[in-house]
Amino acid sequence: MGRDLAFGSATLALSAAYYWMATAIPESQLADAIGPQGLPKIYALLLAGLSLVLMVGSVRDPGSGIRDSKDEHRVPNPEARVPSPESRIPSPEPRAPVPDPRSPLWRVAGMLAIGIVYILVAPWLGYLLSIAALILATTYYQGGAINRQVAVVALSGGIFFWLLFVVMMRIQQPPGWWPPPL
Amino acid sequence: MVAPSVVIDALTSIFTTAIGPAACAGVAWGILGGALPGISPSITMALLLPFTYGMDPTIAIVLLASTYVGAEYGGSIPAILIRTPGTNAAAATVIDGYAMKEQGKAGEALGISLYSGFVGGMFGLAVLVFLTEPLSTLALAFTPAAYFALGVLGLSVIASVSGDSLAKGLMAGLLGLMIGTVGTDPVTGVNRFTFGSPELLSGIPPILVMVGLFAIGELLAQSGEPGWEKAATAAARIRFPGPAMWRRIARPQAIGSVMGTFEGIMPGGGGTISAFLAYNEARRWSSHPEEFGKGSPEGVAAPEAANNTVACTALVPLLSLGIPSSNSSAVLLGGFLIHGLIPGPMLFVKHPEVVNGLYAGLFAANIAMVILGYLIMMPCLWLVNRPKPYLMAFIYAFVVSGVYAIEASLFHVGVALGFGLVGYAMRYFKVPFLPMVLGVVLGFMVESNYRRALVLSSGDHMTFLREPISAALLGCAAIFVIGSLLRHAGGTRGKSRQAGANA
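Protein sequence lines correspond, in order, to chains A and B. In this text, residue positions in the first sequence follow numbering that gives the first Met the number 0: the first is 0, and each later residue adds one. In this text, residue positions in the second sequence follow numbering that gives the first Met the number 0: the first is 0, and each later residue adds one.
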């Protein structure tokens, strides 16, 4: 399926769900002529219309959209300029620069999972240990090995961030079960 | 016209307040971020954005704006040294910058880049001051209808920043407007789309959307990608141009500054387009056009002057009308919003100290760029040469720490991660970010003022055309949309014709 078609289908479903939720917004006695439901419903209808336009365009002219390719692991990025393949020599550290065999979805899911685990453990472990664990997990997931050097870097990173934000800048971070810093 | 006393006060504040240190810190952070390939100015700013929450508003805005200035220069470092632009806008610098490096002139190329960035930045600052101040006189005449029209004018920018697909841009804008409806209804106080969550009663903060889309989305997109080339530190001693070179690069710098002014003010323009336009025009007007592409100093000076001019002139529509014309100015708008400041005409009346402080900060930032650009070259290269897994891990840690710091909320971290996934999906489907950001930041203003104006006029929609400012702004929006559509249609026809000729 072309990406435009997939995107159009997703936004069409989203617009239907949003419209349905908009109809469930309670009316108020203070309501003006438009009301709290007014603009959300208009947005949903406009989004549905544009989704259909995109889907029809994608079906009528399959070449106009971007098509999925099993060989294409790189996600196109309209925001940041990424190095062109011929201009890059992959970093030799900390693991050999072989192409990542995992699918892009797995890579993204893994990174998000690390973030979610951080949210779950930070209230118990506290900031220093949680952020060190996040650094360790991300480094490993991005191609680093689990060894003493990486562990030292992760722990040093955790201490650095803790000193910088909690001690020096007095910025609040998850305290955990530990006694507050002196 | 700016009063001399205002200029003197602004300049004095660099030394008597924290504006000077904030400008220096922002520039240093911007250079480091800009030097990392894949980390654009907007991402560099988005990483910093949560930490500005507890700061004095003026200092926070100066810090963010200075980051933008520094990042535009920082992007040229890897462009020259490893043929990999650190930012989009430095892509044009690669052509002659890397060729100079191949000839053993990396130091000269870096010096020309730094000096040209300074010239462009100062020119852009002058344009910013003289174009935005006169608009402050309009401030008191703004009514709800005029504010609604201003929001519509801001949303009309979507037509020009949608890239190849106008439909996708409009859809992204609508998704942003939908996100903006979450929370308490501005007129009746009814809860909308909150799912019973007290955290959503005040809506989804735009800062979480921006950090998610720009910073976390980019982390996810970069995941699993191989690293970039290592830079040789021996080649990276900056050598500033001498008087003969000053004379030679004066014309391309002037061309770059003019292009940067034009493209910075125009919504959807930005540093990348201005850099390439400046490069082309500099070659056209050069007495040595044959050197372009083979290591011409003019080919470095023109795009670098252009993209640093944009770092200042992109703030003209933001400060005067509250309309962000690029991703970076959208993040800066986020910086204003988290401090309760609404950019636009009233900013000059209600918070002149912020505007004057920003001018002073940008002045300090452009000077600091020259000094810090020289001093932190080695730390910069050390950072670029770190293994990518470590860099990504530390950036991730920085992002989650920053998001939590906004309101000490892990719920916010979860929301930002969610928008990171949205940002990744938008990259995958090639949907532009800026329309969504515009929808999020302008959605509340458009809806609340639209409905207030109708309440005041007893439901008469003609009120938007009867009020002169509202009518003028809506007219501008209409002209802007029609112009963008015509340009889009022209471009599509051109491509079709070219495809037909190639077939």
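Glycine included, every Cβ here is placed at the ideal spot set by N, Cα and C.
- If you draw a 10 Å sphere on the C-beta of K104/B, you find 16 or more other C-beta atoms in it, and that means buried.
- Listed in chain order, the non-local C-beta contacts of V369/B below 7 Å within the same chain comprise L113 and F117, local neighbours out to five positions each way being set aside.
- Chain B places a beta carbon closer than 8 Å to that of V52/A, counting this residue as a contact.
- In the DSSP assignment, V315/B falls within the unbroken alpha helix (DSSP H) covering L314 to L320.
- Interface with chain A (8 Å Cβ-Cβ cutoff): G334/B is excluded.
- Within chain A, the residues I130, F160, F164 and Q172 have their CB atoms less than 7 Å from the CB of S400/B, given in chain order.
- Contacts with chain A at 8 Å (Cβ-Cβ) include L218/B.
- A Cβ-Cβ contact shorter than 8 Å links V309/B with G259/B.
- Taking a beta-carbon distance threshold of 8 Å, R465/B does not count as an interface residue toward chain A.
- Here R191/B is bridged, per DSSP, to G182/B.
- DSSP, read as helix, strand or coil, puts V430/B in coil.
- L276/B and I248/B have their alpha carbons spaced roughly 16 Å apart.
- Judged by their CB atoms, I30/B and V299/B are not nearer to each other than the 8 Å cut-off.
- M391/B and L212/B do not touch by the CB rule: their CB atoms are close to 17 Å apart, not below 8 Å.
- Under the three-state reduction of DSSP, W284/B is assigned to helix.
- Flagged as an interface residue toward chain B: D31/A, by a C-beta distance shorter than 8 Å.
- Cβ atoms of V480/B and A158/B come within 8 Å of each other, at about 5 Å.
- The region 284-291 of chain B and the region 316-327 of chain B do not touch, with fewer than 3 CB-CB distances between them shorter than 8 Å.
- In the three-state DSSP reduction, N146/A falls in the coil class, being neither helix nor strand.
- P174/A sits away from S129/A, with the two beta carbons spaced by 8 Å or more.
- Between the region 12-22 of chain B and the region 54-63 of chain B there are three or more inter-stretch CB-CB distances shorter than 8 Å, so the stretches are counted as touching.
- In this structure M20/A touches F192/B by the C-beta definition: roughly 6 Å separates them, less than 8 Å.
- Using a C-beta cut-off of 8 Å, the region 410-425 of chain B makes no contact with the region 148-165 of chain B, since fewer than three inter-stretch Cβ pairs fall below that distance.
- Here the alpha carbons of E406/B and G33/B stand approximately 28 Å from one another.
- Note that the C-beta distance between V151/B and L473/B is below 8 Å.
- The beta-carbon of M110/A is placed less than 8 Å from the nearest beta-carbon of chain B.
- What I24/A touches in chain B, judged by beta-carbon distance under 9 Å, is D184, V189, N190, R191 and F192, going in chain order.
- I157/B: not part of any alpha helix (DSSP H); DSSP gives it neither H nor E.
- When secondary structure is reduced to three states using DSSP, M168/A falls in the coil class, being assigned neither helix nor strand.
- Contact annotation: the region 40-56 of chain B does not touch the region 92-108 of chain B, with fewer than three C-beta pairs closer than 8 Å.
- With 16 or more other Cβ atoms from the protein chains shown falling within 10 Å of its own Cβ, F393/B counts as buried.
- Only residues of its own chain outside the window of five on either side were considered, and among them none has a CB closer than 6 Å to the CB of E26/A.
- Put simply, the region 349-358 of chain B does not touch the region 456-474 of chain B. Fewer than three CB pairs are less than 8 Å apart.
- By the Cβ neighbour-count rule, I13/B is buried, with 16 or more other Cβ atoms within 10 Å of its own.
- Distance from the CA atom of H350/B to the CA atom of G334/B, rounded to whole angstroms, is 15 Å.
- According to the DSSP assignment, E71/B belongs to the alpha helix (DSSP H) that extends over P56 to G73.
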